[in-house]
Amino acid sequence: MGKVAEKLNIDFVVSTGDNFYDNGLEGVDDPTFEDSFTKIYTAKGLQKQWYSSKYWTNMILSHHLIVLGNHDYRGDVEAQLSPILSMIDGRWLCRRSFLVNTEMADIFFVDTTPFVEKYFADDEHNYNWQGLLPRRKYIAETLEALESGLRDSSAKWKMVVGHHAIRSAGFHGETEELIQLLLPILKANNVDFYMNGHDHCLEHISSLDSPIQYLISGGGSKAWRGDTKHEHYHDGMKFFYDGQGFMSVELTQAEAQIMFYNVYGDVLHKWKTSKEFHSAV
-2 MGKVAEKLNI
8 DFVVSTGDNF
18 YDNGLEGVDD
28 PTFEDSFTKI
38 YTAKGLQKQW
48 YSSKYWTNMI
58 LSHHLIVLGN
68 HDYRGDVEAQ
78 LSPILSMIDG
88 RWLCRRSFLV
98 NTEMADIFFV
108 DTTPFVEKYF
118 ADDEHNYNWQ
128 GLLPRRKYIA
138 ETLEALESGL
148 RDSSAKWKMV
158 VGHHAIRSAG
168 FHGETEELIQ
178 LLLPILKANN
188 VDFYMNGHDH
198 CLEHISSLDS
208 PIQYLISGGG
218 SKAWRGDTKH
228 EHYHDGMKFF
238 YDGQGFMSVE
248 LTQAEAQIMF
258 YNVYGDVLHK
268 WKTSKEFHSA
278 V
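Counting along the sequence shown from 1, when you hit position 191 you're at 188 in this note's numbering, and nothing is skipped either side.
Rendered as structure tokens:
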């Protein structure tokens, strides 16, 4: 990943959540932060800032963007949101939902874990919902801010990033709450890409009724499960890899190019589209 990042001279890195296994961080002084972040992403090409967001705010583009996952909610979420971690590692900036403006793209990060109802009835794990209750109010405010931001966006490309999948043939599969609540907003506002993790695999699925490309990059760890939901293999499936790897997105005013890689940096899948016609090449 570091070699590819250096070759592409990337502007920033996106992490799709579940930043710390299995139960997030215990606090700002938890050594897991350095063991699982600072000491892992040491390559020259990855010395960029990472983000997650607590409030829906506009942010000037920096270099490393992180969204929270369900495993992060099993720990001290406020620790990941704390500026103290940014002092430990300057690449880290963590919030819940936020917007990043770039020259040609607007990237909307959505905190998807509170959307999933089953986590609130999970007796096996302890989730930290501090600051998110009542849940329905939090979800409504998140969706309202997203819809407003997308509607006002004049960017050439619109991208939404969350942890949970809308479309997926992986182990966890599709997230019904996002299909019902989030997807209509994405379709109505001509979103180009929805990116997520959660499923520990790599996938590219093209929407059959909109320009949306569903991009799943959850192959950072715990891959090779060999457990897929074959009923979710449909005509829009362009690529599926049940293994470890990562992806890149390159944007110009006219074109977007998506590439998926294995752990050696070998290209597994490549896809290009023109913004004018939303047609694949």
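Where is the CB? At the ideal position from N, CA and C, for every residue including glycine.
Rounded separation between residue i and residue j - CA only
i    : j    : result
A102 : A251 : 12 Å
N123 : G14  : 18 Å
V157 : E247 : 15 Å
I7   : W89  : 17 Å
N20  : G72  : 5 Å
T29  : I37  : 11 Å
G233 : S204 : 6 Å
L143 : V97  : 12 Å
V264 : V1   : 10 Å
I85  : S12  : 18 Å
G128 : Y135 : 9 Å
T249 : S151 : 15 Å
F105 : R133 : 20 Å
I255 : G146 : 24 Å
Whole-number beta carbon distance between residue j and residue i, since they are thought to touch under 8 Å
i    : j    : result
E200 : F236 : 6 Å
A253 : I213 : No, A253 and I213 are not in contact; Cβ-Cβ is about 17 Å, not under 8 Å.
R93  : D69  : That pair is no contact at about 10 Å.
F243 : Y261 : At roughly 11 Å, the Cβ-Cβ gap does not stay under 8 Å, so F243 and Y261 are not in contact.
H160 : N193 : 6 Å
R148 : Y211 : R148 to Y211, Cβ: 22 Å. No contact.
A76  : D27  : 7 Å
G216 : H197 : 6 Å
Residue i - partner residues in DSSP beta bridges
i    : result
F257 : M244 and H266
I63  : S12
W126 : According to DSSP, W126 bridges with nothing at all.
M156 : I104 and F190
V74  : Paired residues: none, contrary to the question.
S203 : Q210
For residue i, three-class secondary structure by DSSP
i    : result
D103 : strand
Q210 : strand
M56  : Since pLDDT at M56 reaches only 42, below the 50 mark, its modelled position is unreliable, and the value read off the structure follows with that caveat. Note: M56 maps to strand in three-state DSSP.
E252 : strand
M234 : strand
F95  : strand
E3   : helix
E173 : helix
F17  : coil
A40  : coil
R164 : coil
K115 : helix
E138 : helix
Contact test: residue i Cβ vs the ligand ADP heavy atom, cutoff 7 Å
i    : result
P181 : Annotation note on the ligand ADP: not contained in the displayed structure, which lists no ligands.
Count Cβ pairs between the segment 110 to 117 and the segment 65 to 80 that sit closer than 8 Å; are there 3 or more?
Cβ pair count under 8 Å is three or more, so yes.
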